[in-house]
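Chemist: Handing you a structure now.
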Amino acid sequence: MIALRNVSKWYGEFQVLQDVSLSVARGERIVICGPSGSGKSTMLRCINRLERHQQGSIVVAGVELTDDQRRIDAVRRDVGMVFQQFNLFPHLTVLENCALAPIWVRRMPKREAEALAMHYLARVRIPDQAGKYPGQLSGGQQQRVAIARSLCMSPRIMLFDEPTSALDPEMVKEVLDTMVSLAEEGMTMLCVTHEMGFARQVADRVVFMDAGRIVEAGEPRAFFDAPQHERTRLFLGQVLH
Amino acid sequence: MRSRRDRAGAAATAVVAACLGYLGFRFLQWGVVHAHWALPPGAASSLCRASRGQGACWAVVHERFRFILLGAYPYEQQWRPALACLLFVALYAASAVRACWRPWLLGLWIGVPAVAVLLLRGGWLGLAAVPSDAWGGLPLTFLLSTVGFAAAIPPAVGLALGRRSRMPAIRVLSIAYIELLRGVPLITFLFMAALMFPLFVPQGLAVANVLRAQVAFVMVIAAYLAEVVRAGLQAVPAGQYEAAASMGLRYWPATLLVVLPQALRIMIPALVNTFIAFFKDTSLVAVIGLFDLLGAAKAVIVDPQWVGFGVEVYLFVAAVYFAFCYAVSRYTHHLETALAAGGRR
Amino acid sequence: MRALAWQAGAVALVLALLVVLVVQTAANLRLRGLASGFGFLGRATGFEISASPLAYSPRDSYARALAVGLLNTVRVALLAIVLATALGLVLGIARLSRVRIVATLARAYVEVVRNTPLLLQLLFWYSLSQALPGPRDALRPLPGVFLCIRGLHLPGLAWHGGTRWLVAAAGALAIVVGLLRGISRRQRDRAGRALPTARLAAGAAAVLLVGAIAAGHPAVTLDRPALMRFGFEGGMSLTPEFAALLIGLSTNTAAFIGEIVRGGILAVDRGQTEAAAALGMSRARVLRLVVLPQALRVALPPTTTQYLNLTKNSSLAVAIGYPDLMSIADTTLNQTGQAVEVIALVMTVYLALSLVIALLMSAAEP
Numbered sequence: 012m013i014a015l016r017n018v019s020k021w022y023g024e025f026q027v028l029q030d031v032s033l034s035v036a037r038g039e040r041i042v043i044c045g046p047s048g049s050g051k052s053t054m055l056r057c058i059n060r061l062e063r064h065q066q067g068s069i070v071v072a073g074v075e076l077t078d079d080q081r082r083i084d085a086v087r088r089d090v091g092m093v094f095q096q097f098n099l100f101p102h103l104t105v106l107e108n109c110a111l112a113p114i115w116v117r118r119m120p121k122r123e124a125e126a127l128a129m130h131y132l133a134r135v136r137i138p139d140q141a142g143k144y145p146g147q148l149s150g151g152q153q154q155r156v157a158i159a160r161s162l163c164m165s166p167r168i169m170l171f172d173e174p175t176s177a178l179d180p181e182m183v184k185e186v187l188d189t190m191v192s193l194a195e196e197g198m199t200m201l202c203v204t205h206e207m208g209f210a211r212q213v214a215d216r217v218v219f220m221d222a223g224r225i226v227e228a229g230e231p232r233a234f235f236d237a238p239q240h241e242r243t244r245l246f247l248g249q250v251l252h
Numbered sequence: 029m030r031s032r033r034d035r036a037g038a039a040a041t042a043v044v045a046a047c048l049g050y051l052g053f054r055f056l057q058w059g060v061v062h063a064h065w066a067l068p069p070g071a072a073s074s075l076c077r078a079s080r081g082q083g084a085c086w087a088v089v090h091e092r093f094r095f096i097l098l099g100a101y102p103y104e105q106q107w108r109p110a111l112a113c114l115l116f117v118a119l120y121a122a123s124a125v126r127a128c129w130r131p132w133l134l135g136l137w138i139g140v141p142a143v144a145v146l147l148l149r150g151g152w153l154g155l156a157a158v159p160s161d162a163w164g165g166l167p168l169t170f171l172l173s174t175v176g177f178a179a180a181i182p183p184a185v186g187l188a189l190g191r192r193s194r195m196p197a198i199r200v201l202s203i204a205y206i207e208l209l210r211g212v213p214l215i216t217f218l219f220m221a222a223l224m225f226p227l228f229v230p231q232g233l234a235v236a237n238v239l240r241a242q243v244a245f246v247m248v249i250a251a252y253l254a255e256v257v258r259a260g261l262q263a264v265p266a267g268q269y270e271a272a273a274s275m276g277l278r279y280w281p282a283t284l285l286v287v288l289p290q291a292l293r294i295m296i297p298a299l300v301n302t303f304i305a306f307f308k309d310t311s312l313v314a315v316i317g318l319f320d321l322l323g324a325a326k327a328v329i330v331d332p333q334w335v336g337f338g339v340e341v342y343l344f345v346a347a348v349y350f351a352f353c354y355a356v357s358r359y360t361h362h363l364e365t366a367l368a369a370g371g372r373r
Numbered sequence: 014m015r016a017l018a019w020q021a022g023a024v025a026l027v028l029a030l031l032v033v034l035v036v037q038t039a040a041n042l043r044l045r046g047l048a049s050g051f052g053f054l055g056r057a058t059g060f061e062i063s064a065s066p067l068a069y070s071p072r073d074s075y076a077r078a079l080a081v082g083l084l085n086t087v088r089v090a091l092l093a094i095v096l097a098t099a100l101g102l103v104l105g106i107a108r109l110s111r112v113r114i115v116a117t118l119a120r121a122y123v124e125v126v127r128n129t130p131l132l133l134q135l136l137f138w139y140s141l142s143q144a145l146p147g148p149r150d151a152l153r154p155l156p157g158v159f160l161c162i163r164g165l166h167l168p169g170l171a172w173h174g175g176t177r178w179l180v181a182a183a184g185a186l187a188i189v190v191g192l193l194r195g196i197s198r199r200q201r202d203r204a205g206r207a208l209p210t211a212r213l214a215a216g217a218a219a220v221l222l223v224g225a226i227a228a229g230h231p232a233v234t235l236d237r238p239a240l241m242r243f244g245f246e247g248g249m250s251l252t253p254e255f256a257a258l259l260i261g262l263s264t265n266t267a268a269f270i271g272e273i274v275r276g277g278i279l280a281v282d283r284g285q286t287e288a289a290a291a292l293g294m295s296r297a298r299v300l301r302l303v304v305l306p307q308a309l310r311v312a313l314p315p316t317t318t319q320y321l322n323l324t325k326n327s328s329l330a331v332a333i334g335y336p337d338l339m340s341i342a343d344t345t346l347n348q349t350g351q352a353v354e355v356i357a358l359v360m361t362v363y364l365a366l367s368l369v370i371a372l373l374m375s376a377a378e379p
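Chains as they are written, first to last, in the working numbering: chain A, 12 to 252; chain B, 29 to 373; chain C, 14 to 379.
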């Protein structure tokens with residue numbers, strides 16, 4: 012589904028991704044973890060071209076990512092993204108937030124788009140908030156709306172960039188539960204997160220990145236119980252307390 | 029127990045109050061006690077002239093306020109510019125109420141000036157035609173600033189987007205226009221409009237003075253507004269751009285649906301401040317021969333009857349400008365706090 | 014590829030517009046029999062200029078007249094910038110004063126100035142000057158200073174002889190002051206006590222002055238303005254136009270600079286003032302050593318904008334008859350009829366002036 016081959020990226024002199032290769036099969040759930048500055052978010056954002064990679068190739072759902080805007084549009088239609096800061100559109104209601112892209116990108120008629128939006132809002136269990144503005148919702152509710160908004164485009168792949176890091180602790184669970192139920196339905200997911208419990212429960216593979224490289228990758232049980240590299244052990248020691 | 033600082037403060041207050049009191053007393057003597065408020069019928073201004081320096085001659089205002097406020101408009105038709113003024117004030121009042129911030133408000137900003145122009149021009153529905161050279165005073169000031177501002181917004185948005193564009197040619201053209209028009213004094217541009225616009229159009233096409241000034245204003249306001257819009261666009265969080273892009277929204281839909289609405293909300297206080305600045309700047313058309321509020325005042329004291337009473341006339345005009353501008357600036361202040369506290373709609 | 018098409022289209026549109034404009038203008042100029050080109054710059058003007066820093070007569074060329082105008086613009090703009098900055102600083106601090114009446118007065122001043130048009134203020138000051146009495150009944154606010162409808166006449170200084178000694182003394186004084194400050198700073202770093210630099214410098218200045226006078230007998234006479242048949246002669250005089258423009262520009266821009274200074278001071282974190290106060294510094298010292306340096310850094314860019322505005326606003330001199338660049342350009346325009354060339358020239362000069370000021374100010378930035 013997704014194939015990264017020898018991907019490198021520089022910010023000026025600083026190399027943030029060093030020769031990264033990763034393959035994701037359909038229906039696979041990957042959790043990416045690592046210390047801050049390790050390039051995990053950057054790698055994720057390269058997949059839907061929010062960042063440009065300078066070397067290597069990225070192929071998403073059969074389309075190779077280049078500077079060609081048509082390819083980028085095609086990829087973005089199939090890939091949904093959920094951000095750490097939610098990034099809901101504050102001047103639109105929850106319903107309008109979700110229906111915006113279907114109307115303007117997939118050219119759906121308004122009534123159909125709104126029905127679709129209500130379906131996914133029910134799916135994330137907040138259909139009653141459809142008429143409210145994002146500013147009136149709690150953090151956990153906003154993030155669930157963000158997930159519903161991405162789902163409205165019927166993506167084949169979902170990217171999560173530290174979705175719970177900006178939430179108060181009591182709201183983390185409701186978002187994680189939503190993500191778990193998504194995973195159970197067979198969605199291909201790449202998730203950058205610090206929530207190791209979620210990784211253990213849902214991931215097919217856990218990938219550890221440090222200083223722009225993939226250091227170790229493996230099944231959750233093997234990863235958490237018997238990490239092979241010293242750096243992985245160090246990181247796990249700091250995170251799992 | 030009074031500290032030394034308190035005593036120094038009290039002393040300063042006393043000194044300043046004494047000075048103020050003395051100046052205030054002298055001003056009241058001149059402006060109120062010994063002033064002439066009106067000329068008795070048949071009397072000439074020599075009555076005023078006799079007490080020049082001792083008493084203010086407010087009679088000049090009393091005699092000529094119609095000209096100052098409404099220009100050289102024919103006497104019997106003066107209800108028309110007066111009505112136009114009321115329409116403009118109603119427009120500003122409506123724009124101030126947050127509940128009215130809907131799309132139809134834009135229609136109002138186009139409609140009211142259009143109606144005002146039709147009212148002033150006449151020539152239909154039995155209204156006598158009045159050429160634009162006779163328009164003046166407050167209606168002209170309102171007209172120039174409102175139309176200038178409203179018509180400048182679309183090009184300003186275009187210029188701001190152009191300045192942020194990644195296409196080098198578009199960016200250079202936008203920067204060139206903005207910096208050129210912001211770098212020259214407004215008066216040179218008005219001169220250019222008054223003297224050169226007739227040269228730009230085919231012979232035979234007469235362009236009214238008012239129209240020349242209006243076009244000049246639109247062009248200059250667009251350049252200044254472009255910077256305001258640009259600041260607003262920069263203030264929209266980057267995450268908004270990213271969220272829109274990640275959903276597959278292309279440049280124009282993302283800009284129109286997501287970025288601009290948010291930018292607009294952020295830049296409203298700056299927009300209003302720019303409006304006020306140009307409202308005052310319309311007074312510059314006095315130098316190119318148009319009789320806006322200030323131009324009419326200047327014309328009054330050129331009249332041999334009223335030569336030398338500039339101070340009184342200008343104080344009156346200053347009061348009018350001050351009343352309007354101060355009210356709007358207070359409103360902006362209130363708006364800034366309201367927007368910061370309340371957040372969204 | 015799409016991008017290329019957009020850009021090509023935009024450039025083509027702009028070029029087309031310019032071409033149409035130029036062609037139409039040339040056609041119209043020909044039709045009206047108006048001259049083109051910059052040849053008129055060499056012709057004699059035939060008009061007088063009331064206040065000129067250069068020698069100028071009506072036989073001089075338009076180019077020279079415009080140069081005089083430019084010098085006048087620079088003169089009034091520079092002076093106004095200095096006055097406006099000084100007044101603005103005072104205003105900004107006054108607005109934050111604890112003495113309520115001072116703060117309110119400053120606020121009233123700022124509100125009145127900012128909510129009335131600049132042109133109105135200029136005309137007001139000019140009208141005020143026109144309401145002054147004639148030379149015979151001139152006001153005498155100070156001995157030797159005369160204020161009348163013809164202008165402000167001040168006593169001037171005339172040097173006779175011995176100027177060289179005075180210049181040498183001034184140079185020596187500068188060196189002495191520099192040395193004193195260096196020594197004082199070293200003293201302070203080492204022993205904690207500074208030399209009384211100001212008092213020492215004053216003493217040195219007195220000594221040097223006496224020495225110079227004794228050595229070279231420079232005589233300084235006060236050139237008092239005296240009432241002659243047609244007005245005052247001698248001394249320094251400011252025309253009412255210049256005075257009105259200077260006062261109008263300075264007071265107007267000072268209000269804006271005052272607000273910028275106030276904003277800058279308020280932008281300095283309260284914690285800074287609290288920390289300094291906790292260290293026992295007086296309010297004046299806190300202001301001078303801690304708050305103002307930080308505030309001025311914040312205030313510099315908007316102040317640059319105000320200086321640029323002031324320079325552009327000086328063009329309003331055309332409305333009150335002060336012979337600055339714009340006024341002379343206006344007269345030139347009326348006499349030669351060559352609006353396109355004159356206005357293009359004037360715009361270019363003002364753009365260049367703005368560029369110079371912007372460059373100077375960015376060099377001053379820390």
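Cβ atoms here follow ideal geometry from the backbone N, Cα and C, with glycine treated the same way.
Who are the neighbours of B:Met195 on chain C, taking C-beta pairs under 9 angstroms?
Modeler: If you number the second sequence from 1, residue 195 of chain B lands on position 167. Correct list: Ala16, Leu17, Trp19, Gln20 and Ala23.
Chemist: Does DSSP put C:Tyr363 in a helix, a strand or coil?
Modeler: One-based indexing of the third sequence puts residue 363 of chain C at position 350. Reduced to three states, the DSSP call for C:Tyr363 is helix.
Chemist: Check the DSSP bridge columns for B:Gly154 and list the partner residues they point to.
Modeler: To locate residue 154 of chain B, count along the second sequence from 1; it is residue 126. DSSP output for B:Gly154 lists no bridge partner at all.
Chemist: Measure from the C-beta of B:Ala271 to each C-beta in chain A and report whether the shortest distance is under 9 angstroms.
Modeler: The residue labelled residue 271 of chain B in the question sits at position 243 within the second sequence. Taking Cβ atoms only, chain A reaches closer than 9 angstroms to B:Ala271, which makes this a yes.
Chemist: Just the chain B side, please: which residues come within less than 7 angstroms of A:Gln29 by C-beta, in chain order?
Modeler: For the purposes of this step, residue 29 of chain A is identified with residue 18 of the first sequence, where counting begins at 1. None at all; the shortest Cβ gap to chain B is about 24 angstroms.
Chemist: Take the Cβ of B:Arg372 as the centre, count every other Cβ of all protein chains shown within 10 Å, and call the residue buried at 16 or more, exposed below.
Modeler: Numbered from its first residue, the second sequence carries residue 372 of chain B at position 344. Residue placement at B:Arg372 cannot be trusted, given a pLDDT of 47 that sits under 50; what the coordinates show is reported in the next sentence. So B:Arg372 counts as exposed.
Chemist: Within the 9 angstroms Cβ cut-off, does B:Tyr103 reach chain C?
Modeler: Counting from one through the second sequence, the residue named residue 103 of chain B turns up at place 75. No, B:Tyr103 lies away from the interface with chain C (no Cβ there is under 9 angstroms from its Cβ).
Chemist: Using a C-beta to C-beta distance shorter than 8 angstroms, which residues of chain B count as neighbours of C:Ile356?
Modeler: Counting from 1 along the third sequence, the entry for residue 356 of chain C is found at position 343. Result: Thr216, Phe219, Met220, Leu223 and Met224.
Chemist: Of the choices B:Gly211, B:Pro289, B:Ala100 and B:Phe337, whose alpha-carbon is the least far from that of B:Gly59?
Modeler: Position 31 of the second sequence, counted from the start, is the residue given in the question as residue 59 of chain B. Comparing Cα positions, the closest option is B:Phe337.
Chemist: List the DSSP bridge partners of C:Leu155.
Modeler: Here residue 155 of chain C refers to the residue found at position 142 of the third sequence. According to DSSP, C:Leu155 bridges with C:Val158.
Chemist: Using a C-beta to C-beta distance shorter than 7 angstroms, which residues of chain A count as neighbours of B:Pro281?
Modeler: Against the second sequence, residue 281 of chain B aligns to sequence position 253. Ordered by position in chain A, the residues that pass the 7 angstroms Cβ test against B:Pro281 are Trp115.
Chemist: How many Å lie between C:Thr324 and C:Leu346 at the Cα?
Modeler: Counting from 1 along the third sequence, the entry for residue 324 of chain C is found at position 311. Counting from 1 along the third sequence, the entry for residue 346 of chain C is found at position 333. Their backbone Cα atoms lie some 21 angstroms apart in a straight line.
Chemist: If distances are taken between C-alpha atoms only, which option among A:Ala233, A:Phe100, A:Gly223 and A:Gly91 comes closest to A:Arg64?
Modeler: Here residue 64 of chain A refers to the residue found at position 53 when the first sequence is read from its first residue. Correcting the residue identity first, residue 64 of chain A is His in this sequence and not Arg. Nearest C-alpha to A:His64: A:Gly223.
Chemist: Skipping 5 residues on each side, what residues in its chain have a beta carbon closer than 7 angstroms to that of B:Leu75?
Modeler: On the second sequence, position 47 is the one that residue 75 of chain B refers to. Hits under 7 angstroms: His64 and Leu67.
Chemist: What do you reckon, are the CB atoms on B:Ala248 and B:Phe228 nearer than 9 angstroms?
Modeler: Position 220 of the second sequence, counted from the first residue, corresponds to residue 248 of chain B. Position 200 of the second sequence, counted from the first residue, corresponds to residue 228 of chain B. According to the sequence displayed, residue 248 of chain B carries Val and not Ala. No; because the gap between Cβ atoms is not below 9 angstroms, this pair is not in contact.
Chemist: Note the first and the last residue of the continuous beta strand (DSSP E) segment covering A:Lys143.
Modeler: To locate residue 143 of chain A, count along the first sequence from 1; it is residue 132. Element bounds for A:Lys143: n/a, residue is neither H nor E.
Chemist: Name the chain E residues whose beta carbon is nearer than 8 angstroms to that of B:Gly276?
Modeler: In the structure shown, chain E does not exist; the protein chains are A, B and C.
Chemist: Measure the Cβ-Cβ separation of B:Phe344 and B:Ala325 and say whether it is below 9 angstroms.
Modeler: Numbered from 1 along the second sequence, position 316 holds the residue referred to as residue 344 of chain B. Numbered from 1 along the second sequence, position 297 holds the residue referred to as residue 325 of chain B. Yes; because the gap between Cβ atoms is below 9 angstroms, this pair is in contact.
Chemist: What's the gap between the Cα of A:Ser19 and the Cα of A:Val31?
Modeler: Locating residue 19 of chain A in the first sequence gives position 8, counting from the first residue. Locating residue 31 of chain A in the first sequence gives position 20, counting from the first residue. If you take the alpha carbons of A:Ser19 and A:Val31, they lie about 7 angstroms apart.
Chemist: In its own chain, which residues sit with a C-beta less than 7 angstroms from the C-beta of C:Val331, not counting the 5 before and 5 after it?
Modeler: For this step, residue 331 of chain C is matched to residue 318 along the third sequence. Met339, Ser340 and Asp343.
Chemist: Between A:Arg211, A:Phe246 and A:Thr243, which has its C-alpha nearest A:Ile41's C-alpha?
Modeler: As a first step, residue 41 of chain A is located in the first sequence; it is residue number 30 there, counting from the start. For the residues A:Arg211, A:Phe246 and A:Thr243, the minimum Cα distance to A:Ile41 belongs to A:Arg211.
Chemist: I'd like to know if the region 124-141 of chain A and the region 90-106 of chain A are in contact, where contact means that at least 3 CB-CB pairs between them fall below 8 angstroms.
Modeler: Yes: at least three Cβ pairs fall under 8 angstroms.
Chemist: Could you list which residues in chain C have their beta carbon closer than 9 angstroms to that of B:Pro213, in chain order?
Modeler: For this step, residue 213 of chain B is matched to residue 185 along the second sequence. Residues of chain C passing the Cβ test: Thr324, Lys325, Asn326, Ser327, Ser328, Leu329, Met339, Val359, Met360 and Tyr363.
Chemist: For A:Gln29, name the three-state secondary structure that DSSP assigns.
Modeler: Locating residue 29 of chain A in the first sequence gives position 18, where the first residue counts as 1. Note: A:Gln29 maps to strand in three-state DSSP.
Chemist: Mind listing which residues of the region 340-364 of chain B have their C-beta closer than 7 angstroms to chain C's C-betas, in chain order?
Modeler: Here the close residues are Tyr342, Val345, Ala346, Tyr349, Phe350, Cys353, Tyr354 and Ser357.
Chemist: Which chain A residues sit within Cβ distance under 7 angstroms of B:Gly267?
Modeler: Your numbering for residue 267 of chain B matches position 239 in the second sequence. Those are Phe94, Gln96 and Asn98, listed as they occur along chain A.
Chemist: Who does A:Gln66 pair with in a DSSP beta bridge?
Modeler: The sequence position of residue 66 of chain A within the first sequence is 55, counting from 1. Per DSSP, A:Ser19.
Chemist: Going by alpha carbons, who is nearest to B:Val348 out of B:Gly139, B:Ala46, B:Leu166 and B:Ala40?
Modeler: Here residue 348 of chain B corresponds to residue number 320 of the second sequence, with the count starting at 1. Among B:Gly139, B:Ala46, B:Leu166 and B:Ala40, the Cα nearest to that of B:Val348 belongs to B:Leu166.
Chemist: Please state the DSSP three-state secondary structure of C:Asp73.
Modeler: For this step, residue 73 of chain C is matched to residue 60 along the third sequence. DSSP places C:Asp73 in coil when its eight states are reduced to three.
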